[in-house]
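J.: Mind having a look at this structure? Questions to follow.
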Amino acid sequence: MDVNVKMTDANANVNKQTERRKPMKTIEISDCKMTALIDTGSEVNLLTDEYYKLIGSPKFDEGHVSALVGLGQLEVKPLGKVTLSVKIDKEHYNNVLFHVVNRSYLPYDVIIGQDFLRRVVLIMEDGRVSLRMKDDEWMKQVGCYTCDSVVVDYIGDIQYKEQLTEMVENYQPLQVKEAPIQMKIVLKDDIPVTREKTRTRMMIKVGPGLRRIRRRVTHERRKIRREEIHEIKKMKRKKEKKMKQKKTRKKKRKEVILGERKIKVMMNE
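Following this line, the structure appears as structure tokens:
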């Protein structure tokens, strides 16, 4: 009995540690603060129906709403999709698309997926999350630092220390001369040097309307292909018939010539 209790406590502690390490972020939608899971494995942004009602139940976007497919091929039918403005770390992000799903399908209030994360720079470390705009000024300062004095303590020779310090302090950048060199790339074959970017498609369930259109298009393509094959066979049969008639005429002409020769020989005799 004591062993089972200890195992249960150990599992609970592991679950708590795992929960703490999950990348969570406090966001604000329509003046309502909520905790969101930053999920790089999710293709879309998700919002529970409870928080959808809490922010005032804004009008759903028009258009077809496709079913979402998650882990284990589990299909979830969203209630709708809505475009909202989100505030994260005092930064405002407009036109963020959320799929509203039932609370029973989502263990978190909000899930921020790749649809939004592609717009920002994501920094994560042991559960701590930082989101930055791609055009922020801070990105230009990454890897840059200033130094007031020349560090030469690692050099043992005093003479070399003095020479290096003097060179650095007296350094003046000079304008580099441009060399009139042009490069021309000559391709030796038709193999493309680059290729188009590929994008992983979101796993969605196609609705009955799109399925009917797809079947109709496939049927038309097969019909056109059958007609093309029929025309090719018809042309081939015509060609074979002409060749056969030509051979028959040539054979009859030869028989006529041979018959005339036989008649001439008999008359001479």
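Residue numbers are given in UniProt numbering: position 266 of the sequence shown equals residue 266, and the series is strictly consecutive. Heads up, the beta-carbon is just placed ideally off N, CA and C, and yes, glycines get one too. What you are looking at is a predicted structure, and each value in this text was computed from that prediction instead of being measured.
(1) With three or more beta-carbon pairs closer than 8 Å as the criterion, would you say the region 30-47 touches the region 113-120?
(2) Among Ile229, Val129, Pro107, Lys242, which residue has its Cα nearest to the Cα of Leu117?
(3) Smallest Cα separation from Met24: which of Lys81, Leu84, Thr35?
(4) Shortest alpha-carbon distance to His64 belongs to which of Met243, Glu125, Val168, Gly209?
(5) Along the chain, where does the beta strand (DSSP E) containing Val65 start, and where does it finish?
(6) Under 8 Å, do Arg103 and Glu50 count as touching if we go by C-beta distance?
(7) Measuring CA to CA, which of Gln182, Met183, Gln159, Thr48 is closest to Pro107?
(8) Taking the alpha carbon of Val76 as the point to measure from, which residue in Asp126, Leu164, Ser66 has its own alpha carbon closest?
(9) As an exercise, report each continuous alpha helix (DSSP H) stretch of at least 4 residues that is fully enclosed by the region 198-259, in chain order.
(10) Give the C-beta separation of Ile29 and Leu74 to the nearest angstrom, bearing in mind that I take them to be a contact with Cβ-Cβ under 8 Å.
(11) To which residues of the same chain is Thr26 closer than 7 Å at the C-beta, ignoring the five residues directly before and after it?
(12) Report the rounded CA-to-CA distance for Glu169 versus Glu162, giving the unit in angstroms.
(13) Name, in chain order, the residues that DSSP records as bridge partners for Leu122.
(14) With DSSP as the reference, label Tyr108 as helix, strand or coil.
(15) Excluding the five sequence neighbours on either side, which residues of its own chain have a C-beta within less than 7 Å of the C-beta of Glu91, listed in chain order?
(16) Let me confirm a value: Leu258 is counted as buried when at least 16 other C-beta atoms fall within 10 Å, else exposed. Which label applies?
(17) If you follow the alpha helix (DSSP H) that Tyr51 is in, where does it begin and where does it stop?
(18) Identify whether Thr165 lies in helix, strand or coil by the three-state DSSP scheme.
(19) Using DSSP with H/G/I as helix, E/B as strand and the rest coil, what is Leu117?
(20) Going by DSSP, what residues sit across from Ile27 in a beta bridge?
(21) For Asn94, collect the residues of the same chain with a Cβ closer than 6 Å to its Cβ; drop the 5 residues on either side in sequence, then sort them by chain order.
(22) Excluding the 5 residues flanking Lys87 on each side, which residues of the same chain have their C-beta closer than 6 Å to its C-beta?
T.: According to the data block:
(1) yes
(2) Reading the sequence shown from its first residue, position 117 is the one you call residue 117. For the residues Ile229, Val129, Pro107, Lys242, the minimum Cα distance to Leu117 belongs to Val129.
(3) By 1-based counting over the sequence shown, the position of residue 24 is 24. Answer by Cα proximity: Thr35.
(4) One-based indexing of the sequence shown puts residue 64 at position 64. For the residues Met243, Glu125, Val168, Gly209, the minimum Cα distance to His64 belongs to Gly209.
(5) Counting from one through the sequence shown, the residue named residue 65 turns up at place 65. Taken as a continuous stretch (DSSP letters only), Val65 belongs to no beta strand (DSSP E), as it is neither H nor E.
(6) Counting from 1 along the sequence shown, the entry for residue 103 is found at position 103. Counting from 1 along the sequence shown, the entry for residue 50 is found at position 50. Result yes, Cβ atoms of Arg103 and Glu50 sit closer than 8 Å.
(7) Within the sequence shown, numbered from 1, the residue matching residue 107 stands at position 107. Of Gln182, Met183, Gln159, Thr48, the residue nearest in Cα terms is Thr48.
(8) Looking up residue 76 in the sequence shown gives position 76. Nearest option by C-alpha distance: Ser66.
(9) none
(10) For the purposes of this step, residue 29 is identified with residue 29 of the sequence shown, where counting begins at 1. For the purposes of this step, residue 74 is identified with residue 74 of the sequence shown, where counting begins at 1. At roughly 26 Å, the Cβ-Cβ gap does not stay under 8 Å, so Ile29 and Leu74 are not in contact.
(11) Counted from its first residue, the sequence shown places residue 26 at position 26. Lys33, Thr35, listed in sequence order.
(12) As a working mapping, residue 169 is identified with position 169 in the sequence shown. As a working mapping, residue 162 is identified with position 162 in the sequence shown. If I take the Cα positions, the gap works out to 11 Å.
(13) Here the question's residue 122 lines up with position 122 in the sequence shown. Leu122 pairs with Leu131.
(14) In the sequence shown, residue 108 corresponds to position 108, counting from 1. Coil, per DSSP.
(15) Translated into positions along the sequence shown, residue 91 becomes position 91. Result list for Glu91: Met133, in chain order.
(16) Within the sequence shown, the letter at position 258 stands for residue 258. So Leu258 counts as exposed.
(17) For this step, residue 51 is matched to residue 51 along the sequence shown. Element bounds for Tyr51: 49-54.
(18) Looking up residue 165 in the sequence shown gives position 165. Thr165: helix per DSSP, three-state reduction.
(19) As a first step, residue 117 is located in the sequence shown; it is residue number 117 there, counting from the start. Here Leu117 sits in helix by DSSP.
(20) The sequence position of residue 27 within the sequence shown is 27, counting from 1. Looking at the DSSP assignment, Ile27 forms a beta bridge with Met34.
(21) One-based indexing of the sequence shown puts residue 94 at position 94. Ser85.
(22) Numbered from its first residue, the sequence shown carries residue 87 at position 87. Around Lys87: Glu28.
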